Amino acid sequence: MDQIFSLTPPGGFNFDEPGSWPQWLRRFDRFRVASGLADKDSVYQVNSLLYIMGEKSDDILNTLPLREDAKKSYEDVKKALSEHFIGRHNVIYERAKFNSRFQQPGESAESFITEVYRLAEHCKYGDLHEEMIRDRIVVGIRDAKLSEKLQLDPNLTLAKTVTQVRQNEEVKRQQPIIRREKSDMKDVHVDAVTTKRMSPAKVTLQKAEGTNQRIHSTFNAAQRTKQMEICKRCGKSPPHPWKICPARDSECRKCRKKGHFAAVCRSSQRLEAIVDSSYESAFLGVIQSQNQERMWQQKLMVNNEPITFKIDTGAAVTAIPASMYTAEKQGKLTESKKIILGPNNTPLNVVGTFKACLKKDNKRIQQDVYVVTDLVMPLLGLPAIQKLQLLQQVAVVHEPGEQYKARFPKVFSGLGKLEGSYKIRLTEAAVPYALSAPRRVPLPLVEKVRLELRRMEEMGVIRQIKEPTAWCAGIVVVPKPNGSLRICVDLTRLNENVCRERHILPAVDETLAQLEGAAIFSKLDATSGFWQIPLHKDSEPLTTFITPFGRYCFRRLPFGISSAPEHFQLRMSQIIAGTTGVLCHADDILVFGKDVKEHDDRLCEVLKKFEKAGMTLNDKCVFAVKRVKFLGHTISAQGIEADQDKIQAILNMPEPQNVEGVRRFMGMVNYVGKFSPHLPTLTKPLRDLLRNDSIWAWDAQQKEAFAKVKEELSSPAILAQYSPSSETVVSADASSYGLGGVLMQKQKQGEWRPVVYISRSLTTTETRYAQIEKEALAVTWACERLVAYLLGLEFTVHTDHKPLISLLGKRAIDDLPPRILRFRLRLLRFKYNIMHVPGKQLVTADALSRAPSGPESSTENETLEEECRIFVDLIVQQIPATSAKLKRIQEMQSVDVTCRQLKQYTQKGWPEHQKAVSEHLMPYWPHRVDIHVANGLLLKGERILIPKPMEKEILDRLHHGHQGTTKCIARAQQSVWWPGVIRDIRELVERCDICCLHSQQKTEQLMPTTLPGRPWQRVAADIFQWEGGHYLVVVDYFSRYIEVANLPKLVTATTVERLKVIFARFGIPETLLTDNGPQFASCEFAEFFVFLSSPFCLPGPVPRFRPVRCLLTGAPSVRAFGGGGYVTPRSVRS
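Under this note's numbering, the final residue of the sequence shown carries the number 1135; numbering is consecutive throughout.
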């Protein structure tokens, strides 16, 4: 970077005043950093320090008790010298100097305050440090009135004292300007001074030994003569004694001294600008104070020497300060033939002039350069400015884009309509989904909804539909901060069945490769882009949605259709096809050219095509700029740069304060370490801090490594090229005070590489969100920050918060908590799948969220936060309860132990496992994702969570009027909730005498069973208890015959054993009915049924005269298969 001035080392150290060592060392350290000396090796810095200090430095260093290796360390040498020069402070002496300090005449308040602070540094006042400084300032200031005023303030603090002293001095300094007094300020910058030709005067250039060259003329003599005829204190004529002078007790507003007026003050004036003119009449230009903003500057080569000038179009000559002139560089001076006048026509001290060659780029001119004493900085006059063509005169200033809006008025007005309609194609397995009743709209918003529907209908975006439709979606009304509202149609079910067009977007690097030579850019944005595409007549019924005012369907392509971005990209590509210098990527359209003419020609061609196609543009368009953001990059004539906003999250990570902070930072480094071969070396000082035997020390070595690692991680070589055709993952995470995210894509080699890192701090309002709401906010914010990468792309979202999978996935929109509903609606335009990833695998996003880059002030973030606040306020307002009742419930929640614990879990996050939750909070575990805090009130969804002590009171209010179980439950579902609220309502109604008296009990009809065709075809088995024992009962459905068997043990084995006995006597039934008790539903019982279906157990006719033979011959085979002693009799009887 160009330097305005060359750096000069501080002067040598005065060894006779060792007390000045701290000030001298601070000045040297500043020179060390500014000159780049700090980047040199330590030995070089030590030698530079000793050389600049002076001759005695080497002798003093040799007397210090330092090892040879320590003498080569700059920090060790500086510490040893500081101990040598400073030693132990004499506290009594330091306090004496402090108490004797008063504001000196002409000393500014800022200088006095700074000096008081410095003197108090070594006084060791302890807890009274600030009070002693306050007292010293109050007593020591010169303004007695202000001192008395401060002493009368009983609540006076140091900060208040310093502020009032500074303000008092500033107000007095501003009075001449406020009262329009024509008095000069102490330090002035003269921006324009003309000179008068002194043709009758004789001007000579003289030299005096040991002084600068001075100009003497008849003009100067006349001025001196005039000054002798007036009073030097008040400026009035004739001169008079001091005792009767009106300025005797007055304070000069220029130098703050008493005894004279500012008009005759002799304080020196510093000049920053002069003007020479050939006009006969003198002219005084603008005078500016030192506090004015930075002036225009330009670096030129003057006789092959670089000098930085201030550009001043009001100056007629070029001048430099006398301190910058050297005869060796600028040449010999010649006598000035003109007199330069300063403020009040005071002649300035011109040393002389010299001929100079001024060069800027390829332009070279010859100019006379004036050397002026007391000039602050070099001044470039108007003649040189014009010849070098540094500034261009502008006659008329046009607003960018106005000429295009005037030439193409149709393109910049109204909502356009493209030719050709879009037809939504569904999958073959699509199942229609339709709502039969509209979702409830809050009463205050009903009229606004009606007006918004009418506006959309008048624009031709929607129309009313009367005929039946297979598809019908609901709406969600979202208020906007400006008082209007947005009608969002929930097309989630339709999107599940929409066939995507899969229009291939060009790779970003291929798109940016076409920008060679581009210098002027325009970025265009369509007005409600999707609404400009007509919808096919056959597709209109698919977009039907129901409202309290009837059913409507879209006539234009609606927002929320998953295939809309792809089709919009296709249509835009078709419109601009064949046009040179135009790039279209999703909804971003960039027109560029190598110069203004080429850019304007291309832009006009594009606008002509838009006009012909029926496309309209909004006011967000940017025209004819030299720098523009496009596809996540900053594009200019110098090339393509990475968007600094996207990599600033890494660059601004704060330094770790402990080992945990280093471990978190190293987790991010290791995650991307395979992309850089230098990271293992750069992270060595940081990895040493993670060793068990290491002591925490964050020194210069660790700081340097930390800075280099961040630079390596955020460089373009690390962040991979973005490609819309690659598999994409967005990882997002939230901590207690920040959000973090990373966009990663799968490369051709199969590896995942990061594309961009993002992070920001939570606002004060967002820090009060529930943890699950913070996690949902992180996902929403990450997707919206990366919208240029994600819109129109199917991607995966990684989160370490498992409940978000359903909340941001397939769960119905009208069954979401208020804030998460807002986030879900913002995500409707994205096509994504959400996946749970354990927190230990989400290292990068977690690290960024715990080390955010700071607050991000953007319109999108403020709008999202404001919309969430308005929506939550609306939900609370719709709760059917008075303000007094809500306040009482909130007070009871703050007292109740359970509610306090729930609020804590809501704010900081629930435990990962249910076992970690207290027993009294177990009933709330299944509903943890719906519990949140809104305006200090604990809610479950949109219902108030009632504390335990108030459940009885709320139950009585719900049951008031004895409306029955169904109506009471309906009232509860609209307003209140606690675990088991429906069960409690039913029990209350059942115990109520009035409800029982008037209730109509409906008798349930019995369900008869079909009578089997023969005995033992269908039997039933059950277990009952009688007199302390358990029994198995088997009943035949045909004959009602009952078999009972004792069960010594209530286990499956005993039950199977008894059934074998019964089936051995009566045969195997075709059907066995049980109540699926534990004994009948076990695996052992299932194996028993498998055994019943074996070849040895199949029922069949057996001859009557062969039963004994069958029993005898079947026994060996049955034993071989483990059938027991009941198989053969059972087979015979069956």
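Note that CB positions come from ideal geometry on N, CA and C, so glycine has one too. Predicted, not measured: the structure shown is a model, and the values here were computed from it.
Distance from the CA atom of Leu591 to the CA atom of Thr580, rounded to whole angstroms, is 12 Å. Around the Cβ of Glu1085, a 10 Å sphere holds fewer than 16 other Cβ atoms; the residue is exposed.
The beta carbon of Ser727 sits closer than 6 Å to those of Gln746 and Lys747, all from its chain and outside the five residues before and after it, given in chain order. About 5 Å separates the Cβ atoms of Tyr833 and Phe796, confirming a contact at the 8 Å cut-off. Asp957: member of the alpha helix (DSSP H) spanning Glu952 to Leu959, first to last residue. Within a 10 Å sphere around the beta-carbon of Arg556 sit 16 or more other beta-carbons, which makes this residue buried.
The C-beta of Gly1014 has fewer than 16 other C-beta atoms within 10 Å across all chains shown, which makes the residue exposed.
Trp753 and Thr800 have their C-alpha atoms some 17 Å from each other. For Asp17, the closest of Leu618, Lys57, Asp369 and Gly1030 by C-alpha to C-alpha distance is Lys57.
Of the residues Val172, Arg987, Val478 and Ser736, the one whose Cα lies closest to the Cα of Pro445 is Val478.
Non-local C-beta neighbours of Lys609 in its own chain, meaning closer than 8 Å and more than five positions away in sequence, comprise Phe409, ordered along the chain. Just so you know, the alpha carbons of Ala431 and Pro542 end up roughly 15 Å apart. Cα atoms of Leu794 and Phe831: separation of roughly 8 Å, rounded to the nearest angstrom.
Residue pairing by DSSP places Asp1037 opposite Val1020 in a beta bridge. Taking the CA atoms as reference points, Val597 sits about 15 Å from Val607. Secondary structure note for Ile970: its alpha helix (DSSP H) is the uninterrupted segment Thr966 to Ser976.
Counting of Cβ neighbours within 10 angstroms places Lys300 among the exposed residues, the total staying below 16. According to the DSSP assignment, Arg365 belongs to the beta strand (DSSP E) that extends over Lys364 to Val373. Of all C-beta pairs linking the stretch 449 to 460 to the stretch 562 to 575, fewer than three are shorter than 8 Å, placing the two stretches out of contact. In the DSSP assignment, Arg628 falls within the beta strand (DSSP E) that extends over Arg628 to Phe631.
Secondary structure at Met667: helix, using DSSP grouped into helix, strand and coil.
Taken atom to atom, the span from the alpha-carbon of Leu691 to that of Leu683 is near 15 Å. Beyond the five residues adjoining it in sequence on each side, His537 comes within less than 7 Å, by CB distance, of Ser422, Tyr423 and Lys424 in the same chain, given in chain order. When Cβ pairs closer than 8 Å are counted between the two stretches, the stretch 96 to 111 is seen not to touch the stretch 58 to 77, the count staying below three.
With fewer than 16 neighbouring CB atoms inside 10 Å of its own CB, Ile93 falls in the exposed class. Cβ-Cβ distances below 8 Å link Val163 to Ile114 and Ile138 in the same chain, with the five nearest sequence neighbours on each side left out; the list follows chain order.
Comparing alpha-carbon positions, the option among Ser437, Ile488 and Arg441 lying closest to Trp472 turns out to be Ser437. Per DSSP, the beta-bridge partners of Gln1026 are His1031.
For Ile476, the three-state secondary structure derived from DSSP is strand. Annotated three-state conformation of Pro322 is strand, per DSSP. A straight line joining the alpha-carbon of Leu763 with that of Lys941 spans about 24 Å. A residue is called buried when at least 16 other Cβ atoms come within 10 angstroms of its Cβ; Cys358 does not meet this threshold and is exposed. In this structure, Phe355 is the residue among Phe355, His933, Gly582 and Ile521 with its C-alpha nearest to the C-alpha of Thr327.
Put simply, the backbone Cα of Val710 is about 44 Å away from that of Ile577. Inclusion of Gln368 and Thr319 in the CB contact set at 8 Å is warranted, their separation being smaller than that value. Residue environment analysis places Phe14 among the buried positions, since at least 16 neighbouring C-beta atoms fall within 10 angstroms of its C-beta.
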